[in-house]
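Asks: Here the sequence shown stands for residues 1 to 180, where the numbers follow UniProt numbering.
Backbone N, C-alpha and C define an ideal beta-carbon position, used for all residues, glycine too.
Bear in mind the structure is a predicted one, so any value in this text is a computation, not a measurement.
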Amino acid sequence: MGFPVILQIIGYQNSGKTTVINTLLESLTKMGIRSGVIKHHGHEASLPFNDSGKDTERHRNAGAIVTTVSSAGNTILSMGSALSLEKTIELYKLLDTDCILIEGYKEIQYPRVILCRNKEDEFLIEHAVNPVAIISEENVREKYHLPSFLYQDQNKWMNFLVDHIEKGISKGKRGNYEIL
1 MGFPVILQII GYQNSGKTTV INTLLESLTK MGIRSGVIKH HGHEASLPFN DSGKDTERHR
61 NAGAIVTTVS SAGNTILSMG SALSLEKTIE LYKLLDTDCI LIEGYKEIQY PRVILCRNKE
121 DEFLIEHAVN PVAIISEENV REKYHLPSFL YQDQNKWMNF LVDHIEKGIS KGKRGNYEIL
């Protein structure tokens, strides 16, 4: 099993991260690329479980660190504690993903696409360690030496990102994987 391509999509709230990821997922899925998404939810201390009164809730309350319920159509895994990004990536690797898209986790540096709503968001570009591309409302091409796309030019940034992911998958399958 090769390592999946990891691509992080970062930006401040309402910058279009979820839209970019969903658009990208639709293209990758049509191509047969098995993709997973890891989303950082930085707005609440803990997320609500939707299993009140169910066996999984009782198992967690009894001390299980993780519960999984699986049926013919889906599987739901839940934990009563935070799972680090690194451990989540390892889990996705076990699930044989070709590509992992990470939404958020601005402080953790994986190869990233940076979404900018305005000039104030350029702080994210200036402090990026592994930038792949910029998608912005305003043109920032002259200032930064990175592939830059306007948010409304969806076909351009989509083609670039799909090509980036395909190249990474190809390297991984040849055993020449490096984080792209």
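(1) Can you list, in chain order, the residues of its chain with a C-beta nearer than 8 Å to that of Leu25? Leave out the 5 residues immediately preceding and following it.
(2) Which residues bound the beta strand (DSSP E) around Thr20?
(3) Count the other C-beta atoms from every protein chain shown that fall within 10 angstroms of the C-beta of Leu28, then say buried if there are 16 or more, exposed otherwise.
(4) Should Val20 go down as buried or exposed, given a rule of 16 or more other Cβ atoms within 10 Å for buried?
(5) May I have the straight-line CA-CA distance separating Gly73 from Lys106, to the nearest angstrom?
(6) By DSSP, does Val37 sit in helix, in strand, or in coil?
(7) Nearest to Ile6 by alpha carbon, out of Asp55, Lys39, Ser52, Val140?
(8) Which of helix, strand or coil does DSSP assign to Thr56?
(9) According to the Cβ coordinates, are Phe123 and Ser78 closer than 8 Å?
(10) By Cβ distance, which residues of its chain are closer than 7 Å to Asp163, with the 5 residues on each side in sequence left out?
(11) What is the DSSP secondary structure of Ile76, reduced to helix, strand or coil?
(12) Helix or strand or just coil, what does DSSP make of residue 181?
(13) Tell me whether the region 113–123 and the region 132–151 touch, counting them as touching only if at least three CB pairs, one residue from each stretch, are closer than 8 Å.
(14) When DSSP labels each residue in this structure, what does Phe123 get in the three-state scheme?
(15) Among the candidates Trp157, Ser170, Thr56, Tyr110, whose CA atom is the shortest distance from the CA of Ile10?
(16) Are Thr75 and Thr67 close, meaning C-beta to C-beta below 8 Å?
(17) Among all the DSSP beta bridges, which residues are the ones paired with Ile10?
Replies: According to the structure data:
(1) Ser35, Val37, Leu101
(2) Reading the sequence as shown, one finds Val at residue 20 and not Thr. Run containing Val20: none in the beta strand (DSSP E); it sits in the alpha helix (DSSP H), 17–30.
(3) buried
(4) buried
(5) 34 Å
(6) strand
(7) Lys39
(8) helix
(9) no
(10) none
(11) strand
(12) For the chain, the structure presents residues 1 to 180; residue 181 sits outside this window and is missing.
(13) yes
(14) helix
(15) Tyr110
(16) no
(17) Ile114
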